[in-house]
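Asker: Below you will find the structure I want to go over with you.
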Amino acid sequence: MFKIIVLFFVGIALCYFLAKAILKFIPKKAHPFISIALIGLAALLAYKSYDGIMKPIKFNQEKSKRYTKVINSLKVIRDAQNAHKTVLGKYAKNGNDLVKFIDTAKFAVTVARNEVRTVNKGGGISVEEEFRVIDTTGYTDVRASFVGRDYKNMMKVPGTDSNFTMTLGELIKTNGYKAPVFEVKVAKNVVLAGLDKGLINQENEAFSDDQVKGKFLSVGSLDEVSDSGNWPTVYDQADINKEKNK
Numbered sequence: 012m013f014k015i016i017v018l019f020f021v022g023i024a025l026c027y028f029l030a031k032a033i034l035k036f037i038p039k040k041a042h043p044f045i046s047i048a049l050i051g052l053a054a055l056l057a058y059k060s061y062d063g064i065m066k067p068i069k070f071n072q073e074k075s076k077r078y079t080k081v082i083n084s085l086k087v088i089r090d091a092q093n094a095h096k097t098v099l100g101k102y103a104k105n106g107n108d109l110v111k112f113i114d115t116a117k118f119a120v121t122v123a124r125n126e127v128r129t130v131n132k133g134g135g136i137s138v139e140e141e142f143r144v145i146d147t148t149g150y151t152d153v154r155a156s157f158v159g160r161d162y163k164n165m166m167k168v169p170g171t172d173s174n175f176t177m178t179l180g181e182l183i184k185t186n187g188y189k190a191p192v193f194e195v196k197v198a199k200n201v202v203l204a205g206l207d208k209g210l211i212n213q214e215n216e217a218f219s220d221d222q223v224k225g226k227f228l229s230v231g232s233l234d235e236v237s238d239s240g241n242w243p244t245v246y247d248q249a250d251i252n253k254e255k256n257k
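Numbering (our numbering), first residue to last: 12 to 257.
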């Protein structure tokens with residue numbers, strides 16, 4: 012933006028000195044033609060300045076629209092994977108398995124309660140101890156959690172002909188436990204295809220907290236046990252508002 016402003020004022024200065032030179036060295040008969048040419052040049056400079064200012068604004072507006080749709084799909088995949096792990100103890104290998112799971116699986120409905128039991132400690136000594144007991148009272152369809160969400164097409168990147176890339180892995184914890192992890196991602200270049208290439212390159216270098224960092228939009232991680240996305244909280248505001256209104 013600063014560069015555009017500088018170029019704008021440099022252009023004005025050049026036009027001024029050019030006009031002074033024309034008045035001094037060019038015959039008066041040619042002045043009307045020169046004036047028309049200068050007006051055209053000024054109009055071109057004004058357009059270029061306006062376009063230079065508006066291009067990043069329009070880019071960011073379109074980027075936000077595209078990112079919102081992509082992130083919503085990533086959230087559906089994340090929720091589906093978490094449900095899969097809750098019911099089956101592991102993450103699904105691909106999108107087709109996730110869709111089948113949502114269509115057929117059920118969550119157990121449980122109720123937790125405290126129960127006092129008499130425990131024999133030996134030597135004729137018995138004590139009462141309190142235990143936490145979880146009872147299964149019924150089952151509910153997993154699909155009920157995805158009503159109104161396009162889970163059938165969740166692996167398709169919105170607005171493109173591409174699909175998200177899903178990768179599973181395991182992390183060995185200090186106690187030897189192998190924690191399952193997953194990552195789903197798509198390159199920003201795919202999402203932003205057709206927009207200004209220079210601004211896309213700048214977006215790929217994003218690093219601030221109010222931006223989607225790096226070259227991908229992603230959820231989950233293969234390096235840590237996490238189901239978080241790499242987008243800023245502004246893209247979660249709609250979900251936050253829904254929770255508040257419940």
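C-beta: ideal position from N, C-alpha, C; glycine also.
Could you tell me which of 193, 103, 247 and 249 sits nearest to residue 116, measuring between CA atoms?
Answerer: Among 193, 103, 247 and 249, the Cα nearest to that of residue 116 is on 103.
Asker: My parser needs the alpha helix (DSSP H) runs of 4 or more residues fully inside the region 112-166; what are they?
Answerer: The region 112-166 contains no whole alpha helix (DSSP H) run of 4 or more residues.
Asker: Which same chain residues, not among the five before or five after residue 174, have their C-beta less than 7 Å away from its C-beta?
Answerer: Contacts found: 166, 167 and 168.
Asker: Below 8 Å, how does it come out for the region 175-184 and the region 221-239: are there three or more Cβ pairs, yes or no?
Answerer: Yes, the region 175-184 is in contact with the region 221-239.
Asker: Counting only runs that start and end within the region 198-224, where is the alpha helix (DSSP H) found for 4 or more residues in a row?
Answerer: Listed in chain order, the complete alpha helix (DSSP H) runs (minimum 4 residues) inside the region 198-224 are 199-202 and 208-215.
Asker: Exposed or buried, what is residue 128 when buried is set at 16 or more other beta-carbons lying within 10 Å of its beta-carbon?
Answerer: So residue 128 counts as exposed.
Asker: Using the C-alpha atoms, what's the distance from residue 95 back to residue 240?
Answerer: Looking at the two C-alpha atoms, the distance is approximately 18 Å.
Asker: Just to confirm, are residue 153 and residue 113 a CB contact at a threshold of 7 Å?
Answerer: In this structure, residue 113 lies closer than 7 Å to residue 153 by Cβ.
Asker: Quick check: what's the CA-CA separation for residue 188 versus residue 83?
Answerer: Each residue's Cα considered, the two are about 32 Å apart.
Asker: Starting from residue 254, trace the alpha helix (DSSP H) in both directions and tell me its first and last residue.
Answerer: Counting along the chain, the alpha helix (DSSP H) containing residue 254 begins and ends at 248-256.
Asker: Which residues in the same chain have their Cβ closer than 8 Å to the Cβ of residue 245, if we skip the five residues on either side of it in sequence?
Answerer: For residue 245, where only same-chain residues beyond five positions count, the Cβ hits under 8 Å are 221.
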